[in-house]
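In the UniProt record's numbering, the protein residues as written are 1 to 553.
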């Protein structure tokens with residue numbers, strides 16, 4: 001039997017004085033709705049304060065400082081006379097305001113805001129022929145799961161924008177935490193790790209801190225021609241996901257699987273929603289942006305609170321080393337896909353989310369995922385974006401949370417006590433002890449080493465933009481989309497591109513034409529219509545610095 005997930009996945013100070021959850025939801029009907037949502041019983045997200053009030057009813061607890069010292073008067077300052085200045089010895093106020101000044105931590109550079117939840121992963125198929133990873137070695141095995149589904153830009157973003165929704169999932173197993181990340185689209189924007197910092201190009205502008213989103217994505221064409229064979233088609237073709245439950249997750253990076261005989265293959269991880277795919281229309285998304293900007297978080301929270309636990313099926317695609325050598329594209333290029341006809345999906349297991357966070361900051365804002373958390377049997381590949389992420393993911397956690405971020409309850413290793421030579425630093429929680437500080441005192445496990453691999457070649461900065469960056473985009477446009485979807489794709493692109501600078505529009509049209517001549521000409525024609533008669537333009541949404549959305553007439 002596994003311990004309750006709460007025992008590991010994010011124990012918080014709230015657990016010390018809050019009773020187990022009870023069904024105390026106020027189901028009274030709402031007759032007046034000022035927020036635009038349908039009338040009816042209050043949902044679980046709205047009822048959290050009332051539930052807390054009911055749980056605390058009849059309980060008398062002494063208010064204390066963080067050090068546990070009882071507080072006699074919390075509301076009034078210690079002053080010289082009733083109208084005199086506050087004294088520095090008012091330690092209650094000093095502690096409160098000093099903590100308040102420091103209660104926010106730096107937000108994530110990308111994928112900053114989202115929904116968090118906890119659950120379990122269950123193996124449904126044996127893939128031991130591909131990997132010796134014990135997390136996958138027994139059908140029916142269950143392991144705790146941590147999940148975070150964020151947007152790609154900052155905390156000010158509404159969750160119904162035409163934006164890239166990501167996912168980060170971490171399976172807790174034995175001595176390791178196996179972490180994966182990805183997004184709801186099959187491809188990503190960047191071919192090269194050096195281009196990742198250009199993410200801020202489609203976030204804030206330097207002069208006014210406004211968010212211009214997709215127009216700047218389109219402007220990346222000179223930096224990343226591969227962007228046109230990557231996310232632009234699915235981003236503008238598809239509608240906006242109806243929350244996090246109704247979207248798939250695609251791990252764009254390629255990993256290496258190693259089995260017990262040290263036989264190796266490359267693989268990609270894919271999550272398919274068991275709820276199916278459900279999208280918002282542009283009109284519904286605009287309405288929700290004003291009435292319920294955190295719609296996606298609310299939807300996931302309410303579903304779990306009501307016992308409607310969302311789930312996803314985990315699949316892998318497998319490519320042999322020989323297939324990788326002869327594949328028509330670079331198999332490690334994250335702007336390309338592996339065709340499922342050539343590399344079919346292989347089922348691995350189920351991921352189920354069945355617990356909401358008890359404290360959003362402690363369990364979601366402080367959760368730290370890293371693609372370098374790989375268990376034996378899963379190793380990195382030559383994927384350049386993955387190579388960059390192996391360092392960047394952990395480094396950004398050190399910046400946000402401190403060098404000891406892995407000592408936080410939500411991040412600490414599962415069922416194992418770390419033994420290493422890392423010492424001290426800000427916010428040290430665990431009192432790690434060893435008998436010696438020399439390497440000779442360590443107990444190494446040579447059989448845990450990763451498999452060797454051979455590399456050769458001249459050290460240089462190789463330009464990957466000269467590769468075929470348009471064929472898959474053309475195939476997607478001609479063969480995957482029907483006439484209606486092609487029209488919608490062109491309209492969505494033009495509506496977002498029309499406000500961009502003319503030189504960006506020209507550059508974008510040229511790139512679309514390289515994918516397919518009709519594709520480029522239709523985008524150009526749609527842009528002409530919108531410029532001649534702006535009223536023909538469908539109202540589009542542009543992110544602004546307040547996190548709301550404004551409609552452009």
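Here a beta-carbon is modelled for each residue, glycine too, at the ideal position from N, C-alpha and C.
Look at the region 84-134 and you find these whole runs of beta strand (DSSP E), each 3 residues long or longer: 114-123.
For the pair of segments examined, the region 469-481 was found to touch the region 507-519: the number of CB pairs separated by less than 8 Å reaches three. Between residue 144 and residue 245, the CB-CB gap reaches or exceeds 7 Å.
In the DSSP assignment, residue 380 falls within the beta strand (DSSP E) that extends over 378-380.
Between the alpha carbons of residue 93 and residue 77 lies a distance of about 7 Å.
The closest CA to that of residue 318, considering only 295, 330, 326, 342, is found on 342. With respect to residue 425, residue 404 sits close: the two C-beta atoms are nearer than 7 Å. Non-local beta-carbon contacts of residue 65 in its own chain, meaning distances under 8 Å to residues more than five positions away in sequence, involve 71, 91, 92, 95 in chain order. Taking all protein chains shown into account, residue 381 has 16 or more neighbouring C-beta atoms within 10 Å of its C-beta and is therefore buried. In the same chain as residue 523, and ignoring 5 residues on each side of it, the C-beta atoms closer than 7 Å to its own belong to 490, 493, 494, 509, 512, in chain order. Remark: C-beta atoms of residue 451 and residue 258 approach each other more closely than 7 Å. At the C-beta level, residue 118 and residue 89 stay beyond 7 Å of one another.
Fewer than three pairs of CB atoms, one per stretch, sit closer than 8 Å, so the region 270-283 makes no contact with the region 388-401.
Of the candidates 420, 406, 416, 406 places its Cα closest to the Cα of residue 428.
Within the same chain, and ignoring the five residues on either side of residue 243 in sequence, the residues whose Cβ sits closer than 7 Å to its Cβ are 295, 296, 299, 300.
Going by beta carbons, residue 479 and residue 302 fall outside the 7 Å limit.
The criterion of a C-beta distance shorter than 7 Å is satisfied by residue 252 and residue 334.
Ranked by Cα distance from residue 321, the options 305, 336, 267 are led by 267. For residue 264, the enclosing beta strand (DSSP E) begins and ends at 264-273. The alpha helix (DSSP H) runs of length 4 or more contained entirely in the region 239-323 are, from start to end of the chain, 282-291, 295-305. As far as DSSP is concerned, residue 529 takes part in no beta bridge. Within the DSSP bridge table, the entry for residue 384 names no partner.
Under the three-state reduction of DSSP output, residue 170 falls in the strand class. A direct Cα-to-Cα measurement between residue 75 and residue 140 gives close to 55 Å. Sequence-distant partners of residue 367 (beyond 5 residues in either direction) whose C-beta falls short of 7 Å from its own C-beta, in its chain, are 116, 146, 148, 410, 411. Take the alpha-carbon of residue 532 and the one of residue 125: they are about 57 Å apart.
With a threshold of 16 other beta carbon atoms within 10 Å, residue 247 meets it and is buried. For residue 492, the enclosing alpha helix (DSSP H) stretches over residues 483-497. The three-state reading of DSSP puts residue 354 in strand, counting E and B together. Put simply, the backbone Cα of residue 386 is about 14 Å away from that of residue 330.
By the neighbour-count criterion, in which a residue is buried when 16 or more other Cβ atoms sit within 10 angstroms of its Cβ, residue 278 is exposed. Per DSSP, reduced to three states, the secondary structure at residue 337 is coil, with no helix or strand assignment. For residue 130 and residue 269, the gap between their C-alpha atoms comes out near 13 Å. In the three-state reduction of the DSSP assignment, residue 146 falls in the strand class, which pools E and B.
For residue 506, the enclosing alpha helix (DSSP H) stretches over residues 502-515.
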